[in-house]
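Protein chains in written order, with our numbering: chain B, 1 to 262; chain U, 263 to 511.
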């Protein structure tokens with residue numbers, strides 16, 4: 001479980017400091033797909049970067065199962081990072097390595113496994129994301145969806161306790177997006193990972209959002225589940241979620257027919 | 263303003279290099295990357311070095327012959343002067359200026375692209391010291407291979423001079439050979455090799471710094487690549503003057 005308590009963050013800007021996060025409080029649970037949603041520029045990426053320790057918050061605490069990342073020294077942070085997997089928006093696969101090389105990389109750096117064991121574990125992860133047969137391909141030879149799956153395989157190679165995904169569906173077609181969403185959801189439940197997904201893809205929100213944090217202009221706008229999102233009356237959230245005709249129609253239909261679940 | 267910015271950049275460069283120095287996470291991985299860098303940055307540059315050196319050696323010989331027509335000067339002066347130019351300046355400084363274009367832009371664009379495609383963030387998230395992981399093998403690889411490249415350059419340039427003598431008879435080849443052996447000072451070879459170590463460090467570290475600190479997209483990567491080459495060239499010339507003053511006077 002990851003707890004965010006009163007996190008504030010500001011940056012130097014032309015004409016002074018610009019505050020991006022204002023006292024964010026949130027909890028992200030084990031074995032659940034936790035989604036951070038919000039408009040572009042709302043501060044969700046800054047929040048994620050604070051949580052993973054790429055930024056240090058000005059104020060507040062970020063607790064990984066009770067361990068505060070904001071007060072950790074370099075060695076403690078390094079140890080914690082071995083428990084973290086991250087899926088970047090652009091996949092961030094190493095161009096010079098094959099899929100197998102990419103997935104083996106964290107094992108090579110941090111595990112005491114023999115090369116054969118590393119290969120075996122990497123193969124398991126590659127098979128798990130349905131990428132068998134692409135082990136010897138380089139990232140440039142893969143489609144966007146395959147790159148994302150290879151990045152997921154690399155992220156779970158070390159059996160992380162915490163998995164962060166930054167816009168996992170960006171640049172993917174709707175069908176591939178669903179495949180990636182389902183894969184992330186399955187992996188989360190299968191391995192009991194605390195998964196945090198930063199997204200503004202509403203299909204993901206409605207599909208796998210078990211715990212949703214809506215960030216609005218740097219504040220916590222709303223917290224709930226995908227089932228609650230249809231029935232809430234938060235104007236900012238509604239403007240964000242039901243920005244398209246399709247989702248407005250879906251909501252109208254569900255409310256009209258009294259759907260509360262599913 | 264410019265002074266402030268320069269000092270700021272220098273401070274950032276020093277901090278970056280301080281981060282880069284350290285014991286590698288895994289020696290096996292480090293050694294593999296180190297060997298890769300030697301091959302990629304050094305061995306792959308040999309064809310360019312051979313071509314450039316061959317022609318520069320030939321040109322030196324032709325131009326010296328054209329400009330030394332005084333009958334009081336011995337005929338072997340052409341070989342002797344060609345050798346001195348090649349040993350003292352061309353094989354180290356000029357070669358490194360040329361290599362900074364090839365290797366410097368390669369390093370800056372490679373690391374810069376890794377930065378903008380979040381590959382460096384991925385290393386950091388994994389708990390790897392990305393500066394150390396990326397830069398150390400390049401710097402040590404360059405320092406290791408550069409003296410060999412300089413030695414190849416020396417031999418090829420002198421051979422280029424000999425070849426032009428054979429092909430055009432502007433100087434008798436045996437006189438040229440006598441010239442390059444006459445009044446030979448071994449220290450000049452060591453001088454060139456020592457200088458090349460400094461230049462190897464300058465090219466690899468400055469280019470890495472510019473690549474690592476890229477912010478933005480492909481345009482910024484291009485700018486960083488250009489800046490890396492320009493700054494490396496300037497620093498090579500500055501250090502060349504300092505080392506020549508310190509080591510030859």
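Positions of the beta carbon are idealized from the N, C-alpha and C atoms, including for glycine.
Any C-beta of chain U sitting closer than 9 angstroms to the C-beta of residue i?
i	result
residue 178 of chain B	no
residue 196 of chain B	no
residue 261 of chain B	Residue confidence for residue 261 of chain B is low, a pLDDT of 47 falling below 50, so the modelled location carries little weight and cannot support an answer.
residue 145 of chain B	no
residue 93 of chain B	yes
residue 54 of chain B	yes
residue 164 of chain B	yes
residue 86 of chain B	yes
residue 13 of chain B	no
residue 2 of chain B	no
Is it true that the CB of residue j sits closer than 9 angstroms to the CB of residue i?
i	j	result
residue 473 of chain U	residue 376 of chain U	yes
residue 487 of chain U	residue 397 of chain U	no
residue 468 of chain U	residue 338 of chain U	no
residue 8 of chain B	residue 31 of chain B	no
residue 498 of chain U	residue 461 of chain U	yes
residue 93 of chain B	residue 150 of chain B	yes
residue 415 of chain U	residue 362 of chain U	no
residue 198 of chain B	residue 44 of chain B	yes
residue 99 of chain B	residue 131 of chain B	yes
residue 360 of chain U	residue 314 of chain U	yes
residue 476 of chain U	residue 373 of chain U	yes
residue 264 of chain B	residue 196 of chain B	As displayed, chain B neither begins before 1 nor continues past 262, which places residue 264 of chain B out of reach and without an answer.
residue 216 of chain B	residue 237 of chain B	yes
residue 126 of chain B	residue 114 of chain B	no
residue 380 of chain U	residue 124 of chain B	no
residue 367 of chain U	residue 491 of chain U	yes
residue 307 of chain U	residue 364 of chain U	yes
residue 193 of chain B	residue 85 of chain B	yes
residue 53 of chain B	residue 80 of chain B	yes
Does any residue of chain B bring its CB to less than 9 angstroms from the CB of residue i?
i	result
residue 384 of chain U	yes
residue 379 of chain U	yes
residue 475 of chain U	no
residue 323 of chain U	no
residue 375 of chain U	yes
Can you pull the chain B residues whose beta carbon is under 7 angstroms from the beta carbon of residue i, in chain order?
i	result
residue 389 of chain U	78, 81 and 82
Of the residues the options, which one's Cα is nearest the Cα of residue i?
i	options	result
residue 239 of chain B	B/21, B/83, B/176 and B/38	B/38
residue 120 of chain B	B/131, B/104 and B/205	B/104
residue 224 of chain B	B/14, B/62, B/182 and B/29	B/29
residue 161 of chain B	B/187, B/136, B/253 and B/245	B/187
residue 226 of chain B	B/89, B/98, B/203 and B/43	B/203
residue 1 of chain B	B/48, B/54 and B/67	B/67
residue 128 of chain B	B/157, B/137 and B/144	B/157
residue 388 of chain U	B/102, B/233 and B/206	B/102
residue 3 of chain B	B/12, B/17, B/10 and B/34	B/34
residue 355 of chain U	U/496, U/332 and U/508	U/496
residue 503 of chain U	U/268, U/297, U/392 and U/350	U/350
residue 278 of chain U	U/378, U/322 and U/392	U/392
residue 82 of chain B	U/448, U/333 and U/384	U/384
residue 327 of chain U	U/434, U/501 and U/470	U/434
residue 506 of chain U	U/480, U/470, U/449 and U/494	U/449
residue 40 of chain B	B/222, B/47, B/116 and B/200	B/200
Mind listing the chain B neighbours of residue i? Cutoff is C-beta to C-beta under 8 angstroms, in chain order.
i	result
residue 288 of chain U	108 and 109
residue 291 of chain U	108 and 109
What does residue i reach in chain U if we use C-beta pairs closer than 7 angstroms?
i	result
residue 90 of chain B	379 and 380
List the residues of chain U whose Cβ lies closer than 9 angstroms to the Cβ of residue i, in chain order.
i	result
residue 104 of chain B	Near residue 104 of chain B there are no residues of chain U at all, since even the closest Cβ is about 11 angstroms away, more than 9 angstroms.
residue 113 of chain B	Correct list: empty, because the minimum Cβ distance to chain U is about 12 angstroms.
Report whether the distance from the Cβ of residue i to the nearest heavy atom of the ligand GTP is below 8 angstroms.
i	result
residue 296 of chain U	Because no ligand of any kind appears in the structure shown, any question about the ligand GTP cannot be addressed here.
Check whether chain A comes within 9 angstroms of residue i, counting only Cβ atoms and requiring the distance to be less than that.
i	result
residue 46 of chain B	You won't find chain A in this structure, because its protein chains are B and U.
message: At 4 residues or longer, what runs of the alpha helix (DSSP H) sit wholly inside the stretch 72-114 of chain B?
response: 74-81 and 99-110
- prompt: At which residue ranges does the stretch 113-146 of chain B contain complete beta strand (DSSP E) runs of 3 or more residues, listed in the order of the chain?
  reply: none
Any beta strand (DSSP E) of 3 or more consecutive residues that is wholly inside the stretch 281-319 of chain U: none
message: My parser needs the alpha helix (DSSP H) runs of 4 or more residues fully inside the stretch 1-74 of chain B; what are they?
response: Counting whole runs of 4 or more residues, the stretch 1-74 of chain B contains the alpha helix (DSSP H) stretches 44-52.
- request: Within the stretch 160-229 of chain B, note down every full alpha helix (DSSP H) run reaching 4 residues or more, in order along the chain.
  value: 174-191 and 202-208
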